[in-house]
Structure formats: C-alpha cells, structure tokens
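A quick write-up on the structure given underneath.
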Amino acid sequence: MADFRKLALEFVLSDNVARKQEIAQESASVIQNDPRPDNAIARWSQSIQPWIAGRGDDAMDHGQEGEAEGDLIARSNALSFLADTLEVLDPKLLKPSKVATLIHFFGNMFDFDVKAGVLPAAKALTHLSNMEGFQATDGDKIISSICTLKDDFKLQVSETRSVIYDLINVLISRPDVSNDLQYRYGSTSGFMTDLLQLCRNERDPKCLITWFGILKTFLADYSAANELVEEVFNVFSAYFPISLRTSQHPSGITADDLKLALRGCFAAHYRLASLTIPYLVGRLDSGDSVTVNVKLDILKTIKACIDNYTHVQQGLVPYVDKIWTSLKYEVRNGEIEDTIKGTLEVIRTIAEKLTGNDLRDFALTVQRDCLDDLSNPTYATGSGKLLVAVHGAKPSASAIMVSPTLTHVKENLRHTRSSEHTRSLLALSNALLKLRAALVDPSMTADDLQAFRSTEPAFVSLHREAYALPFHQATNPGAPKDVVSIGLEAIEGMGLLVIQPSASSGSEFGLMLREEAASEICSELSTFLFAAQHDAASESTSALVDQTLFALQKASIIFPPVFPKLVSDSSTVCRSAASSSPAELQATLHYILPKLAFTGCSKVPKSGEKTEHFVLLLGTFLSQLSSSFDSEAAANVWVEYAIGVQAAMRYFRDACEASLGRTIKTELRQGNERQQNEDATREKADPRFSAERWVQYVSQRFPSLVTAQTQEALSELKTGDIETSAAEDAADQLIGDFLLISLFVTRQLYRRATAIVSPEDNVSASIALSSDFKEGSDEEEQSQDQYLQLLSDTANLSQTNPPRFPLSGLSEGRTIILSFGLLVPLQLPASIFDPSNDAGVTKGILHRILVAGLLFKDHAASPRSRAVVLAILTSLANKCVAADMTDILESLNSQIELAISPCSDTEAGPPDDNRALIARPVFAAVAGILRKYKGGYLGKVIAGIIKGPADQKIGHVLARRVGLLFRDQGCLQKEYNPKLFSPLWRQRAYVEIIKPMLAKAWGIGTNSQDNTLITANYSIAVLSATQWLDYTVYEEDADDLIRLIICVAHNIGAGPDLEAGLTVLLRICSSAPDKVKPFAKSVIRECSAVLEGKGESRTEDWMPAGFHQLDPTGRSSKQSRRLAVKLLGALPAYCERGDLLSAASAVRRSLARASGDSVREIRRAALEARAAWDPVR
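Written as structure tokens, this is what we have:
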C-alpha cells in the first residue's frame, strides 16, 4: 500500500513538472484501486498536514509577513499535490458528501491562506466542479468563498486571477448552478453584486476576456433586476473603447480579441438597449475627439447589438430614429471610407430587422431625408449610398422604396448641375439595378413578388429616360473626359437593365425587358463596339470599349440572342474590311476577335448548352480561316484567327474552372497519375475519350465545328453511336467537352497546315507544310512562323491523354514548330523511346526525333525552327529513360567530344562555328536529363561540358551555354508530371558541374597571363549557371563567388556576364549580408563604374573575336544599372559607417546621376538608395 505522506513529500520537494504529474497519477491510481476509497481519500487529504497543521490561528490569518518564503512555497506545493491528484482522478469516484467536504476545505483557503492557498484551491475547485458528485448548491458555496478574498483578490498575480475567473465562468454557465442561483437570490442576484465588487478594477487582458464572458453570460441567461443590469452595464462600459498598449499580449490576446469580448457584453440581451444604444450613439456624437478606430468600434458594436437583440420591439424600434439621426451624417458628410462603410452596414442591419409598419416608417424616414438631397450635387452621392443600404436589406424594403427613388433619379437627371452630379445619379440607378437582380427570386413570398412586379415599369423606362442620352453623348468622337465618365455609368446600366430577371412567371427568357427592348440595347452597344475600332487607341474610347464588353458579356450569358447576333454582325464588319484592303482586314480582325472571345467565352452560359458560345465562336473562326486560306489571304490574317482561337480556349478554360471550382490542369495531372499507376484509364471511365471514336463524338455532338476537309475524312472513322452525355456528372461533362472541342479544333488546324509527303521508296513518310504556305517576303514567312507557333501553343493548351497523334520524326522544315505543341505536354511511357518498338505509327518515332535533334538535321528552315528543335530535345530528354538508351548516350558523348576538339573540321563553314553548333543540342538534351539525374551515366558528357570553357576558340560560347542547364524552361512542364523532377537536382548538378569550374575561375584558379582567357571563360560559365540558382545551393562558395564577380566586373565589363554576376551578388547580399562586408569597397567601386559608364565592355589582347556577347536591345545594360543601384542602396544597412565614409560622396554623385536615368525602375531604386546613404556623413 502506497504511503500518501511519502508521495506528498516527494511532490513538495520536486522541481520536475513531469515527475509531479507522475506522482499525482500514482496517487489517483492508489485511491481508485483501494477497495475502500473513502478511507484512501481520508489518508490522502491528511497527507499534507505537516505543511498545514503547524500554523496557528494568528499565522493562518492571511499569512503573517514574518512567515518564511520557503514555508509558503512548500504549503502551496502541498495543496497543489491535492489539486493535481483531483485533476486525474476518475470524476465518477467521489460521492457528493466527499465533494462537499473538499469544497469546504479548499473554499476556506480563500479566507485563511491568501498567500499560498488561492491558486491550488482554485484549481482544485475547478476539478471538483467537473465531478459527477458535484451538487448545484455547491456553486453558490464556491462563489461565496471566492468573494471572501475582497481586497486580497487584486493582490493575486494575474495567473491566479485567471484561474479564478475560469472557475467562476464554469460555475455560472452550468444550467443547474444557474437555476439554483436564480432560485436562491431571485432578481437581486446578490452573488453578482459581490463579484462586481471583487472584480471591478481588473486590467489584465487574459482575465478581462474571461470576465467579459462572465458578464455576458449573466446578462443573457439570468433574470436580474433593472438596477443590477445597469450596475453591470456601468462596469463593462467603463472599459469602452478598449485597447492594448502593445499589438499583442504575451498570452496571445490581441486588441481585437478584447474588443470582440467587450462587444459581446453590449450585445448580450435586449434589456440593455435603453442603456447601450444611447451610450454608443452619444459617444459617436461626441465630436472630433473620436478617432477613426473608435468610430469603427462604436459602429461595429451598434451593429452587434442590433443583430443580437432578439426582441425588436423593445431592443430596436424605440431607438431607430435616434440611430438614424446620428448615423446619416456619417455618410452624408463623411470623408473616411471605412466609417462610411461601417455606418451603411448598421443602416442595412436596421432595415433587415424591421418588419411591417416599422419597416415602412423607417423607409419613409430615409426617403424624406435622402430623396431631396439627390438634387444637391454635394450630398447626392452620400444620400445614394444611404438609399442603397436600405434597398439592399431585403425585398420588402426595396419594394417600398424603389419607385419613389427612381422617380427622383429621373427627375434630377433632367436638371443636373454638374457632370459629377449626373454620374452620382446614374451610379445610384445602377446600384438599384444590381440589388434588384440579386433580390428577385422565385422563392420570394407572393406579396414580395407582386410588389416587385408593380415596380417593373419604373425600371423599364430607365433606358429611355436615364441612359440613352449619356451613352450617345459619350460615344461621340472627341467627347470630353467628364462626359466619358458619365457614359461609363450609362453603359454599365444598360447592361444591367438587359439582365434584369422578371418577377412575373412566363416572361420570355425570364427577363424583365421584352425581347425587342433588350435587343435594341444590345444592338446599340455592339454598334458602338464595332465603330470604335479606329479610335480604340485613345484612353477614353478604350475605357468605353472595355465597359461595353463587360455589359455585353453579362448580357450574353443571360439573354441567348445576344452572342449569335454579335458574331453575325462581326462577320459582316470583317467582310466589309476585306473588301477595303488586306491591312484593313488584319487591323479589324486584331481588334474584334479577342473581344468576341472575351464576350462569349469568359463566362459559362447560365442556361442551355454550356458550350454553346464556345462552339459557335470556334466554328465561325474555323470557317472564316478556311475562307482566308482559299482566298490566299496574307499570313498575318491567319495569325489573327489563331490568336482568336487561342483566346477563346483560354477564356473558356478559365470560365470552366471558375464555374466548377476545379483546376483542369490538376485534373489532367491526376488523370496522368492514374494512368501511370494502371489503376484506370480514361477510356474505361469516359467513352468520349476513346482513341478510335473521339473525333466522331465531337463531329456528331458539335457539327458546326466540322470543316469541309474534316468532313471528307470522317468516312474513314469507325461508325457507331456514342453517348453524348457519357460523363458521370455535369462537371465532368463540361471539362471533357471543353478538352475534346479544343482538341478537335487543334486537329483541324494542324491538318490544314500540313501535308503528308510520300517518298519514292514508299517506305517512310514525312510531314511538310501544306500548299497554303507559299514562298514570299521575309515578313510573310515570319508571319507564317508566328502562325505555326500559335498552333503549337494551342495544341499545348488543349492536350490530354488520349487521344494520340501520328507523329513523324522526319518532319520537313518548319513543321517541327507544330510537333512542339504535341510533344511537350504528352505523358509518354518509356517503351515508346525504344527503337525496336513496333507500336504502329509510333514505331521508333521518338527515338528518331532524339537522334535527329542531336544531329541538328533538316531543321535549319528558320531561327524559330532551330529554337523549337532544342526545346523538343530538352522535353523528350527529360521524359526518356536516358540510362537505358545507350546509343543516345553515345551520341551525346561523341558530339561533346567533337565540339571540344580543336582539330575537328567539317565540310561547310568555319570549323569553330560548326563545333559550337554541334554542342548546342548536347546542352539542350543534358538540360532535360539533369532534372531527374541520379548520377553515373552522364559522367563523360559532364566531363566534356566542364572541359569546354578551356577551349581557346569557342570556350566563351560553351561557357555561356552552361546556364541553359539550370534555367527554367517552358518546355519542362513540371505541373503535368512532377515525378520527372528530382527535388535536389540543382544541388547535384551544381556539385558535379559548377564546383569543378569554380576552382578554375578568377579569384581561385591560377591567374597567369597565359591562361587569362581560360580563367575568364570558367568565370563566365560559373555566373551563367549560378544566376538561376537559390543562394542555399552555393552558400558555402559565396566568398569565392564574390571575388569572381568583382574580377568579371573589372576585367570584362558591361554585358550579360556582368548582369549575371550582379544578380548573384545581390542575392548573396540579401541572404547573407555579412559575406559582402569584407568586399564593400570593391563592390562600391565596380557598381559606381557601372553607373558612371566606365564599366562598358572592354577589349583586351587575350580576348578572341566575338568574345563579348551582344546586347542589341540594351536590356542587359539597363538591368546591370538597376542591380548596381540596388546593391549600393543595400550596403548602408549592413556595413559599418566607417567602412563607407570615404566613398560616400562619390556614391551620392553616382546615385544622383542614376536618379535621372531613362528607366523608371532605376530612378525609383536610385531615390531609395540615396535615402539609405544620406545618414553616411
């Protein structure tokens, strides 16, 4: 049998919290396992007698000051032994009599031991209140015991008071204790009077949170006399407005937490209304002494009161006029947007709570005060906001007020005194239209529906009486800005008018306007849209066009006839432009097509077929593009149609995602992962995606997309019915149809752009550009290339697995641009790269593409084609299992070896240029492989890359290409397949490639005159790579990199190499400023040289021809100046003033010169840097 005295002694002497918990648990276990727990409890409670019994009555009287501090601590620990044991004791164990005895014992501590016993007693009583044996009558005993503390309560530390507050809160929140207290004290609630006296002067935030909660519970749940309610109000209102001296208390409590807790007291019960509302309104009216934050607190508190006072007749109605009289001026005369917003929320809440005659009286009061103000330009805006707040509260409020309000708006529009006055009135009518569209609902009551029907004539006449004249005035050429601003409001209102739902059943399209009226408005808008083309560059016209587009967009998703008419009218405009001149046609298409895409595809229609507008627009674009090909239109016309197709796809993709709350890209990635895991394929889940039938599905479901060329090929496809609604739900149906429509359109564009070329041996076929692509001027061929690139991007946008495309690794010339769009997003199994693969049309295709790309064969048709070949090579190299493709690795090894061999020669061109050309595809392929490289099989290739900068002729070219290995590239789409990217690939590549180069660069390697060029090349290689890396990758080499950068700036000068160095240096300065401190003077010298123009590219004897990289646009020079300014501006924050003082004057001169730079960003950075250097004097 355990000895409780030994356990208590160990507990008292221990300083280990965990051990104390173990002792308490052991003590509780002994009690619970004892066959006679009552006896165990007696022994347990008597175990602390050595620390309690030695105190006489005099000593017990509040603890004599002469008592040793050690005795107080020991006694507190002894009582804590009991309290901690109660915490872990089975709550069912103690009988009511034992609970009552313990409550009596611990309750006495509040009177007899205020120094050592209060905290453990409060904890023990809290645990006892959770016991099953706790009786409701015990609650009053505990509260009475607590109140015996009197003035000693405020002497307790905040932690102790917090525990006591928590105990009180637990007690008065218990229904049984609440009933007992109310039965015992009645409406006088004497216990609360004592608590108010005890806690009146609390200041600790944590304690206040709980105290406010206690007061709120009392006010909400107890029936107290009015006198006591007022006394409680006086206690908590004395804290209003409440704040904290610091942003956050150590306990984590913020000022907002305190405000919310105090607000809960004000809003606890409607009985407080006679006290709270006059008090809060009075504080609001107290004048300029009330700050904005206090006003916001008052407004939020008033709103909370209105929201929570359940008895409207007692808690709100008597005070409505008082609130309105005070608050209306906060909007009418207010200038602070936050207080205006808070006031309007209060006004709206009042209207929401009122009903019947009370609501009517309030509405009439608002109208009486606000409608007359609409004629005054000074107050029209504020009055409009107040009217909108009441209108928007609920349908019944709007129905009462809207007709008189619109009547006054129309009347005042006839006699406006300024353009701002007109704009305010139109803004009010627009706000009322928005509210009406949101409020009208078939689920409304019959009375509300009838009320809304009666107000419809007032809205219908808005077009004629309010919007028509401002619209036509604003759309006249050369309209002043103030007229244009009014026109913007008119256009918005016209769009809102069209989409207004009808309150009558059986109306056409469910809209308020008749079809003729709605069509007239849309016709006016579209007529202006097309007419504005030639003045679209002006700021005013551009704003009007944008507003018109938004209006037509909203109308098109509600009113079905709008968009087909818009498309038809646009076709007429384009035909007219075509008859004028090719340039006019191109300009018209450039203006119209993206706007059609936005209007019809940026939102999903709310009724009918969800893809209706998308299909209509794409079908129209395809038909018109086909006609352009047939009429041999210029390639810049094709480009505009391709831009329109891509814009429609992007807009509709975003609209689908917004409508469904799902990201299509995420959906595709998850689908790809399911395929790779072989859990399921899309064919099994959705028959629409059958590789054999998908074309037939789209052509049958959306026949308007089928062109004549596709129609001829449809007979070759498998026949048979395909379900037109194969998806499990509407979301899958929409996403699937979008993908297949986009894919079908892309397929047709690709087929029109290409032709199959059959060689004489009839063994292999290749793809060439179709006969539409005729030879022409350089400008024409550039437009053709741009068209091909747009098709490639469109394929990239619409790609999914399956279906699969027949690809050729031997594409002729510029068709490689089209291949890029197909290859990059495809998720490919490793087997498809196998040259022995016999999977039909894919037999060895990708293997041949890799080989052809490495050889750089047959793709010199244009610079764009060459760039695309490299991108395809990078993408495929990333997807293939390079370790298993020995012939590809051998090609990489041989080509890099050939490239770094000075003795190599070729048939055409200078040998050095050809060696550099041979190396390009190697770097492209390695860039893809490195993303998932785990080491080993690229050893020879990496060794060749490391050796490349040592070449005397082309080392500088190979050095700069090292950066391609690390640069982020669009062809490596990580979002589609993250598994192709090792999380630490940059770190591995840096260690294996860059660190060996760093050892040979400036600042580290030998620097004799003989190897200056080689050292410079390695320095360039290191910087071209590290500019794309995070600081954490090269952190341990930061000192060496800083030396290297200073040497590059000093020896090579301005250009892309210096830009790369300054980028790395700024990143080091931001991440580890201490690294830069020792080099501060050198950094200042080189950065100042850049700003003063002394850092221009230098030509030295050791530099070969073409050593400096060209900067034709001056971009690198601008970036270098910007980075230099930012570096200079960062130094004063990290360096000692004495280290900077000698250079301060020169730096300020350089920064002053930079303040006049032609680039805005440099000027802004220079001003910030000058401010940083001002104290350095």
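Here the sequence shown stands for residues 1 to 1177, where the numbers follow full-length UniProt numbering.
Glycine is no exception: its CB is placed at the ideal position from the N, C-alpha and C atoms.
Tell me the residue span of the alpha helix (DSSP H) that contains residue i.
i, result
"residue 754", "Premise fails: residue 754 lies in the beta strand (DSSP E), 754-757, not in any alpha helix (DSSP H)."
"residue 821", "816-823"
"residue 1129", "1115-1134"
"residue 491", "481-498"
"residue 408", "395-413"
"residue 1198", "Coverage of the chain is limited to positions 1 through 1177, which leaves residue 1198 absent and any answer about it impossible."
"residue 773", "Element bounds for residue 773: n/a, residue is neither H nor E."
"residue 449", "446-460"
"residue 233", "226-237"
"residue 1047", "1038-1051"
"residue 639", "635-660"
Quick check on the burial criterion: 16 or more other C-beta atoms within 10 angstroms. Buried or exposed for residue i?
i, result
"residue 150", "exposed"
"residue 364", "exposed"
"residue 608", "exposed"
"residue 1081", "exposed"
"residue 981", "exposed"
"residue 912", "buried"
"residue 1101", "exposed"
Does the Cβ-Cβ distance between residue i and residue j come in under 9 Å?
i, j, result
"residue 132", "residue 94", "yes"
"residue 383", "residue 455", "no"
"residue 167", "residue 125", "yes"
"residue 137", "residue 194", "no"
"residue 316", "residue 270", "yes"
"residue 252", "residue 213", "no"
"residue 785", "residue 821", "no"
"residue 488", "residue 547", "yes"
"residue 942", "residue 897", "no"
"residue 615", "residue 705", "yes"
"residue 736", "residue 688", "yes"
"residue 938", "residue 888", "no"
"residue 928", "residue 875", "yes"
Please report how far the alpha carbon of residue i lies from the alpha carbon of residue j, in whole angstroms.
i, j, result
"residue 645", "residue 603", "16 Å"
"residue 907", "residue 1091", "Model confidence at residue 907 stands at a pLDDT of 46, short of 50, so the residue's coordinates are unreliable; what they give is reported in the following sentence. In a straight line, the C-alpha of residue 907 is about 46 Å away from that of residue 1091."
"residue 576", "residue 588", "10 Å"
"residue 718", "residue 696", "Residue placement at residue 718 is flagged as unreliable, the pLDDT there being 49, under the threshold of 50; the coordinate-derived value follows with that caveat. Straight-line Cα distance between these residues: approximately 8 Å."
"residue 266", "residue 222", "15 Å"
"residue 63", "residue 254", "Below a pLDDT of 50, predicted positions are generally treated as unreliable, and residue 63, at 47, falls in that range; no measurement from the model is reported."
"residue 482", "residue 420", "8 Å"
"residue 236", "residue 397", "35 Å"
"residue 8", "residue 47", "6 Å"
"residue 1048", "residue 1117", "15 Å"
"residue 1111", "residue 464", "60 Å"
"residue 732", "residue 656", "11 Å"
"residue 109", "residue 76", "11 Å"
"residue 1063", "residue 1055", "12 Å"
"residue 101", "residue 38", "12 Å"
"residue 590", "residue 781", "19 Å"
"residue 418", "residue 377", "7 Å"
"residue 10", "residue 139", "33 Å"
"residue 1198", "residue 130", "No information on residue 1198 is available, as it lies outside the stretch 1 to 1177 that the chain covers here."
"residue 81", "residue 24", "7 Å"
"residue 918", "residue 629", "38 Å"
"residue 1176", "residue 1143", "10 Å"
"residue 531", "residue 524", "11 Å"
"residue 753", "residue 564", "28 Å"
"residue 895", "residue 1057", "26 Å"
Whole alpha helix (DSSP H) elements within the segment 882-942, 4-residue minimum: If we require 4 residues or more, the alpha helix (DSSP H) runs fully inside the segment 882-942 come out as 886-899, 911-930.
Uninterrupted alpha helix (DSSP H) stretches inside the segment 505-565 (no shorter than 4 residues): The qualifying runs are 515-531, 539-558.
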